[in-house]
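**Student:** Residue numbers (the numbering used here): 9 to 546.
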């Protein structure tokens with residue numbers, strides 16, 4: 009009797025497997041629905057260090073799973089594909105569930121994954137499959153991941169590390185490679201033995217395949233993109249901002265670092281937004297591509313991965329004049345953008361937002377809104393949680409630089425970001441030494457001839473690069489019509505700003521279209537410039 013029952017069980021399992029290797033691929037299904045945000049949401053300014061997912065939420069503990077025997081019935085017509093962002097040399101986020109997905113032409117086929125003595129199972133549904141591995145600790149030794157199906161196909165990835173994954177978002181100054189800015193590439197220290205891996209992509213990947221970016225994608229838009237070590241060639245073809253950040257993090261933490269570029273040269277924010285947001289905010293026309301196309305092609309494919317945080321450098325396109333209106337709602341859009349991305353990714357990841365650099369005298373006429381965008385970036389920061397703002401106007405290109413829109417001082421900027429990230433998230437260094445001065449209080453004198461601005465993050469005290477006495481950088485008036493005014497440091501954390509008559513609307517700092525080094529002179533004792541801002545006078 010037992011033999012009969014065993015024989016019947018084998019027959020049933022075999023029939024099930026055969027049935028799973030005989031289906032066809034149905035039409036593609038749509039992606040997840042958007043979680044709407046309201047433009048007038050407000051939150052308190054950031055006062056606590058940014059946090060990572062591990063510090064705010066814990067992955068649910070899972071009981072060990074016992075699987076039935078994995079039966080393989082060879083099928084020469086069966087095809088198994090794993091999403092292209094997974095590959096040799098990849099870095100996966102530690103201490104988080106690892107989701108792997110792909111496609112198959114055999115409906116109902118069983119999928120099995122093996123990684124670090126862990127097994128995950130799935131099934132092909134509507135031509136797609138997904139498996140989840142339990143969280144893994146930091147792993148510096150190369151590992152192997154194997155994905156196979158019940159039809160006899162196997163995909164293997166080698167030299168896989170587990171560490172921290174960082175996303176680099178924005179536009180050209182985030183995407184720019186060593187080949188784009190040769191002067192900056194000279195500062196790169198390529199080392200393929202470093203625990204740093206890079207997956208670079210950019211605007212051209214979408215521009216050359218626009219038909220494939222009309223809807224959100226679940227895989228890389230350019231199948232030739234792949235993970236690389238930090239070789240000389242790879243470093244020259246990868247996001248410089250990501251490379252400089254990754255070098256510091258890998259060297260100082262000893263943790264494997266993965267850098268994924270999701271930035272696009274020339275991107276407006278509406279091109280990086282999901283289409284649902286564009287519709288809500290009534291954006292119908294993009295610049296180089298249609299609205300949402302950079303999101304569809306470069307960002308959406310990664311929604312199922314976990315990562316440590318994001319560095320974001322964008323706003324130049326909104327700062328251009330030409331046919332662009334004054335970007336009065338950029339602060340609203342930026343806050344809503346990250347609220348939406350965090351909702352879609354499902355966790356409150358930390359954001360390190362770079363304020364726009366100075367773009368030299370050659371670009372000042374065409375970038376009249378650049379200073380306005382800096383002010384809007386600061387406004388957005390005040391209403392976003394788990395976010396840092398990093399000024400970079402002092403790291404703009406020199407007036408003689410041939411590539412005046414893309415400063416070669418990328419290493420200095422990467423170090424500035426890395427110092428803050430290391431202090432915030434890795435306990436290396438102090439955030440007090442890595443934070444730039446920012447205003448906390450403004451008071452107008454009774455006779456309205458001056459205002460005092462009190463700052464935090466001053467270190468041992470505010471200093472003027474112009475020496476003692478009055479210094480440059482402050483302006484007064486309406487944000488769209490500012491007049492340069494004098495200011496002086498009157499205490500460790502306070503500045504006195506002199507106001508001419510008729511300029512009582514507000515005070516701005518570092519909001520001029522062209523901000524050369526001798527125009528902005530307020531720093532803290534740690535050598536960090538004050539953030540650019542505009543504040544209304546009460």
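Yeah, the Cβ is synthetic: ideal placement off N, Cα and C, and Gly gets one too.
From residue 460 to residue 175, what does the alpha carbon distance come to, in whole angstroms?
**Tutor:** Along the chain shown, read from residue 1 onward, the residue named residue 460 stands at position 452. Along the chain shown, read from residue 1 onward, the residue named residue 175 stands at position 167. Looking at the two C-alpha atoms, the distance is approximately 39 Å.
**Student:** Rounded to a whole number of angstroms, what is the C-alpha to C-alpha distance between residue 241 and residue 167?
**Tutor:** Residue 241 sits at position 233 when you count from the first residue of the chain shown. Residue 167 sits at position 159 when you count from the first residue of the chain shown. So the alpha carbons of these two residues sit roughly 19 Å apart.
**Student:** Expressed to the nearest angstrom, what Euclidean distance is found between the alpha-carbon atoms of residue 103 and residue 110?
**Tutor:** Position 95 of the chain shown, counted from the first residue, corresponds to residue 103. Position 102 of the chain shown, counted from the first residue, corresponds to residue 110. Spanning the two alpha carbons is a distance of roughly 22 Å.
**Student:** What ranges does the beta strand (DSSP E) occupy inside the stretch 338-366, keeping only unbroken runs of at least 3 residues that lie completely in it?
**Tutor:** Listed in chain order, the complete beta strand (DSSP E) runs (minimum 3 residues) inside the stretch 338-366 are 359-362.
**Student:** Give me the DSSP bridge partner(s) of residue 532.
**Tutor:** Counting from one through the chain shown, the residue named residue 532 turns up at place 524. Beta-bridge pairing links residue 532 to 470.
**Student:** Please state the DSSP three-state secondary structure of residue 55.
**Tutor:** Within the chain shown, residue 55 is the residue found at index 47, counting from 1. At residue 55 the pLDDT is 41, less than 50, meaning the model places this residue with poor confidence and gives no usable figure here.
**Student:** For residue 457, which three-state DSSP category applies?
**Tutor:** The residue you call residue 457 lines up with position 449 of the chain shown. Residue state, collapsed to three classes: coil.
**Student:** On the DSSP letters alone, give me the boundaries of the alpha helix (DSSP H) that residue 285 sits inside.
**Tutor:** The residue given as residue 285 occupies position 277 in the chain shown. Counting along the chain, the alpha helix (DSSP H) containing residue 285 begins and ends at 283-288.
**Student:** What is the rounded straight-line gap between the Cα of residue 84 and the Cα of residue 361?
**Tutor:** By 1-based counting over the chain shown, the position of residue 84 is 76. By 1-based counting over the chain shown, the position of residue 361 is 353. About 50 Å.
**Student:** So if DSSP puts residue 264 in a beta bridge, which residue, or which two residues, is it bridged to?
**Tutor:** Position 256 of the chain shown, counted from the start, is the residue given in the question as residue 264. According to DSSP, residue 264 bridges with nothing at all.
**Student:** Here's the rule I'm using: 16 or more other beta-carbon atoms within 10 Å means buried, otherwise exposed. How should residue 219 be labelled?
**Tutor:** Here residue 219 refers to the residue found at position 211 when the chain shown is read from its first residue. So residue 219 counts as exposed.
**Student:** Helix, strand or coil: which one does DSSP assign to residue 92?
**Tutor:** Locating residue 92 in the chain shown gives position 84, counting from the first residue. DSSP places residue 92 in coil when its eight states are reduced to three.
**Student:** For residue 199, I'd like the list of residues in its chain whose CB is within less than 7 Å of its CB, leaving aside the five on either flank, ordered along the chain.
**Tutor:** Here residue 199 corresponds to residue number 191 of the chain shown, with the count starting at 1. Counting only Cβ-Cβ distances below 7 Å, and skipping sequence neighbours, we find 238.
**Student:** Have a look at 377, 358, 359 and flag the residue whose alpha-carbon is nearest the alpha-carbon of residue 367.
**Tutor:** Against the chain shown, residue 367 aligns to sequence position 359. Checking every option, the nearest Cα to that of residue 367 belongs to 377.
**Student:** Report the residue from 116, 172, 493, 336 whose alpha carbon sits nearest the alpha carbon of residue 99.
**Tutor:** The count along the chain shown starts at 1 and reaches residue 99 at position 91. Closest by alpha carbon: 172.
**Student:** Rounded to a whole number of angstroms, what is the C-alpha to C-alpha distance between residue 382 and residue 363?
**Tutor:** One-based indexing of the chain shown puts residue 382 at position 374. One-based indexing of the chain shown puts residue 363 at position 355. Roughly 6 Å separates the two Cα atoms.
**Student:** Could you tell me the alpha carbon to alpha carbon distance between residue 185 and residue 234, rounded to whole angstroms?
**Tutor:** Walking along the chain shown from the start, residue 185 turns up at place 177. Walking along the chain shown from the start, residue 234 turns up at place 226. Their backbone Cα atoms lie some 16 Å apart in a straight line.
**Student:** Using 8 Å as the threshold, is the C-beta distance between residue 313 and residue 151 below it?
**Tutor:** For the purposes of this step, residue 313 is identified with residue 305 of the chain shown, where counting begins at 1. For the purposes of this step, residue 151 is identified with residue 143 of the chain shown, where counting begins at 1. Not a contact, by the Cβ cut-off of 8 Å.
**Student:** Can you tell me whether DSSP reads residue 8 as helix, strand or coil?
**Tutor:** No answer is possible for residue 8: the residues shown for the chain start at 9 and end at 546.
**Student:** Under a Cβ-count criterion, where at least 16 other Cβ atoms within 10 Å of its own Cβ denotes burial, should residue 195 be classed as buried or exposed?
**Tutor:** Your numbering for residue 195 matches position 187 in the chain shown. Burial call: buried.
**Student:** Can you give the Cα-Cα distance for residue 139 and residue 408, rounded to whole angstroms?
**Tutor:** Taking the chain shown and counting its residues from 1, the one referred to as residue 139 is at position 131. Taking the chain shown and counting its residues from 1, the one referred to as residue 408 is at position 400. Each residue's Cα considered, the two are about 53 Å apart.
**Student:** Using a 10 Å radius around the Cβ and a threshold of 16 neighbouring Cβ atoms, would you call residue 254 buried or exposed?
**Tutor:** The residue given as residue 254 occupies position 246 in the chain shown. Counting Cβ neighbours within 10 Å, residue 254 comes out buried, since at least 16 surround it.
**Student:** What does DSSP give as the partner residue(s) for residue 299 in the beta ladder?
**Tutor:** In the chain shown, the residue the question calls residue 299 occupies position 291. The partner list for residue 299 (beta bridge, DSSP) is empty, contrary to what the question assumes.
**Student:** Could you tell me whether the stretch 388-395 touches the stretch 350-359, using the rule of 3 or more Cβ pairs below 8 Å?
**Tutor:** Yes, since at least three Cβ pairs between the stretch 388-395 and the stretch 350-359 fall closer than 8 Å, the two stretches touch.
**Student:** I want to know whether the stretch 278-298 touches the stretch 246-263 - three or more CB-CB distances under 8 Å.
**Tutor:** No, because fewer than three Cβ pairs between the stretch 278-298 and the stretch 246-263 fall closer than 8 Å, the two stretches do not touch.
**Student:** For residue 491 versus residue 508, is the C-beta spacing smaller than 8 Å?
**Tutor:** Mapped onto the chain shown, residue 491 falls at position 483. Mapped onto the chain shown, residue 508 falls at position 500. Yes.
**Student:** Quick one: grab the DSSP three-state call for residue 16.
**Tutor:** Translated into positions along the chain shown, residue 16 becomes position 8. The predicted model places residue 16 with a pLDDT of 48, which falls under 50 and marks its position as unreliable, so this point remains unresolved.
**Student:** Our contact map puts residue 169 next to residue 205 with C-beta atoms below 8 Å; I'd like the distance itself, whole angstroms only.
**Tutor:** Against the chain shown, residue 169 aligns to sequence position 161. Against the chain shown, residue 205 aligns to sequence position 197. Going by Cβ atoms, the distance from residue 169 to residue 205 rounds to 7 Å, so yes, they are a contact pair.
**Student:** In the stretch 226-265, which residue ranges form an unbroken alpha helix (DSSP H) of at least 4 residues, counting only runs that do not cross its ends?
**Tutor:** Entirely contained in the stretch 226-265, the alpha helix (DSSP H) runs reaching 4 residues are, in chain order, 240-244, 248-261.
**Student:** Can you grab the Cα-Cα spacing for the pair residue 523 / residue 515, in whole Å?
**Tutor:** The residue you call residue 523 lines up with position 515 of the chain shown. The residue you call residue 515 lines up with position 507 of the chain shown. Cα to Cα, the separation comes out at about 16 Å.
**Student:** Assign residue 187 to buried or exposed, taking buried as 16 or more other Cβ atoms, counted over all protein chains shown, within 10 Å of its Cβ.
**Tutor:** For the purposes of this step, residue 187 is taken as the residue at position 179 of the chain shown. Classification of residue 187: exposed, given that the 10 Å Cβ count is below 16.
**Student:** Using the C-alpha atoms, what's the distance from residue 389 back to residue 75?
**Tutor:** By one-based count along the chain shown, residue 75 stands at place 67. By one-based count along the chain shown, residue 389 stands at place 381. One C-alpha to the other measures close to 48 Å.
**Student:** Let me check understanding here. Comparing Cα to Cα, which of 114, 532, 327 lies closest to residue 467?
**Tutor:** Reading the chain shown from its first residue, position 459 is the one you call residue 467. For the residues 114, 532, 327, the minimum Cα distance to residue 467 belongs to 532.
**Student:** Just the C-alpha distance for residue 2 and residue 304, rounded to the nearest angstrom, thanks.
**Tutor:** Since the displayed the chain opens at 9 and closes at 546, residue 2 lies outside it and no answer follows.
**Student:** With a 10 Å radius around its C-beta and 16 neighbouring C-beta atoms as the bar for buried, classify residue 375 as buried or exposed.
**Tutor:** In the chain shown, counting from the first residue as 1, residue 375 sits at position 367. When all chains shown are included, residue 375 counts as buried.
**Student:** What's the gap between the Cα of residue 537 and the Cα of residue 162?
**Tutor:** Looking up residue 537 in the chain shown gives position 529. Looking up residue 162 in the chain shown gives position 154. Cα-Cα distance, rounded: 54 Å.
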